[in-house]
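Working notes, beginning with the structure itself.
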Amino acid sequence: MPELPEVESVRLGLASHVLGSRIEAVEIRRDSCVRRAASPEAFAADVSGRTIDAAVRRGKFLWLVLDGGELALSAHLGMSGQFRVHGAEPPPPHRHCRARLTLSVRGGFFSLDFIDQRTFGYLDAEPMVATPDAVAGGLGSPLPAVPASVAHIGRDALDPALRRATVLAQWRRGTRGIKQVLLDQTLVSGIGNIYADEALWRARVHPATPASGLSGRAAGALLDATREVMGQALAAGGTSFDALYVNVNGESGYFDRELNAYGRGGEPCPRCGRRLERAVMGGRSTHWCPRCQRAGAR
DNA sequence: AGTAGCACCTGATTGC
DNA sequence: TGCAATCAGGTGCTAC
2 MPELPEVESV
12 RLGLASHVLG
22 SRIEAVEIRR
32 DSCVRRAASP
42 EAFAADVSGR
52 TIDAAVRRGK
62 FLWLVLDGGE
72 LALSAHLGMS
82 GQFRVHGAEP
92 PPPHRHCRAR
102 LTLSVRGGFF
112 SLDFIDQRTF
122 GYLDAEPMVA
132 TPDAVAGGLG
142 SPLPAVPASV
152 AHIGRDALDP
162 ALRRATVLAQ
172 WRRGTRGIKQ
182 VLLDQTLVSG
192 IGNIYADEAL
202 WRARVHPATP
212 ASGLSGRAAG
222 ALLDATREVM
232 GQALAAGGTS
242 FDALYVNVNG
252 ESGYFDRELN
262 AYGRGGEPCP
272 RCGRRLERAV
282 MGGRSTHWCP
292 RCQRAGAR
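Numbering follows my numbering, in which position 87 of the first sequence is assigned residue number 88; successive positions increment by one, without gaps.
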């Protein structure tokens, strides 16, 4: 469920609570929440006793830089992952709590819970690896490296170091529809199903338009639209329809009130009044206005 | 090489 | 009321 604005809200919350703290204890409550590590015990051994130096994000991928920066505690929220911060005496773990970390800072202790109903999310201990374009890392990162599992992920739409001309050329290559291309995290990361539909609506591009048929100008306007909509969503604390997405303090964002297309199939287009359409494209539910977003327009 | 399809899960909602 | 089908914000692997 979480896309770039939601993951960035989580990153900001983590940064405000865990930077400079030390990982004292690790309780894995569901083994499969640790994917790459050889075992839950190996994960715990890798991260225990280490200090958290930074909280970094690229697209929807999030990681805590440990000690010297050669190791990361990486996390992906999948469809339903959350982090929740509790004080020295945390409540009993939530039913979907997959891991509980105990952290210490200046003699005080607190808990960090990883909660994930659908279990598509994960935690891992990973080496940091250099990437060809790792000039400045992702948002929040001063480091020239990313966790191994993020090496194939493109810079995200809000990253100042995004190579605009390069990604627009990559977008327009191949045979896929533009909706599928927007969701390709190896080109521009961070755009998920909600913000893909919203950006296409803003830029007046039909989701099934062959990406190769977009003009450079239209592709550029679409990239700008992804940045605008995700920037505004971030300012509103992200999008949330229910208790499945909350920040580290358990609070929901408000951007769902500002969605123009996503989830509004059958409702009037906020721009022209025409009934919005809904269909499945590339296995994902897709929403658009058949009048504002004409196939082949622009 | 690029792309489509499916697998991975749990839970809420909808329809019969 | 019960039960099955459908849907949900993501990613990675496999087979074309």
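Virtual Cβ for every residue (Gly too), placed ideally from N, Cα, C.
Span separating the alpha-carbon of residue i from that of residue j
i, j, result
"Ala-45", "Ser-216", "50 Å"
"Trp-172", "Pro-269", "30 Å"
"Leu-124", "Gly-283", "27 Å"
"Pro-91", "Ala-220", "48 Å"
"Ser-241", "His-95", "19 Å"
"Gly-50", "Ser-33", "23 Å"
"Ala-38", "Cys-98", "19 Å"
"Val-230", "Thr-120", "28 Å"
"Gly-48", "Ile-154", "Note that residue 48 is Val in the sequence shown, not Gly. Each residue's alpha carbon lies about 24 Å from the other."
"Ile-53", "Asn-250", "19 Å"
C-beta atoms of residue i and residue j nearer than 8 Å
i, j, result
"Leu-169", "Pro-128", "no"
"Gln-294", "Leu-224", "no"
"Thr-103", "Ala-26", "yes"
"Leu-159", "Arg-228", "yes"
DSSP beta-bridge partners of residue i
i, result
"Ile-116", "Gln-83, Cys-98"
"Glu-278", "Trp-289"
"Arg-31", "Paired residues: none, contrary to the question."
"Arg-23", "Thr-52, Ser-105"
"Trp-64", "Val-57, Ser-75"
Range covered by the alpha helix (DSSP H) that runs through residue i
i, result
"Arg-218", "217-236"
"Leu-5", "5-19"
"Val-168", "165-172"
"Phe-44", "41-48"
"Leu-260", "It is not in any alpha helix (DSSP H) - Leu-260 carries neither H nor E in the DSSP assignment."
"Leu-183", "179-183"
Residue i - containing beta strand (DSSP E), residue span
i, result
"Asp-54", "53-59"
"Val-189", "Taken as a continuous stretch (DSSP letters only), Val-189 belongs to no beta strand (DSSP E), as it is neither H nor E."
"Ser-75", "72-77"
"Pro-128", "123-130"
Own chain, CB closer than 6 Å to residue i, minus 5 neighbours either side, in chain order
i, result
"Ala-222", "Ala-204"
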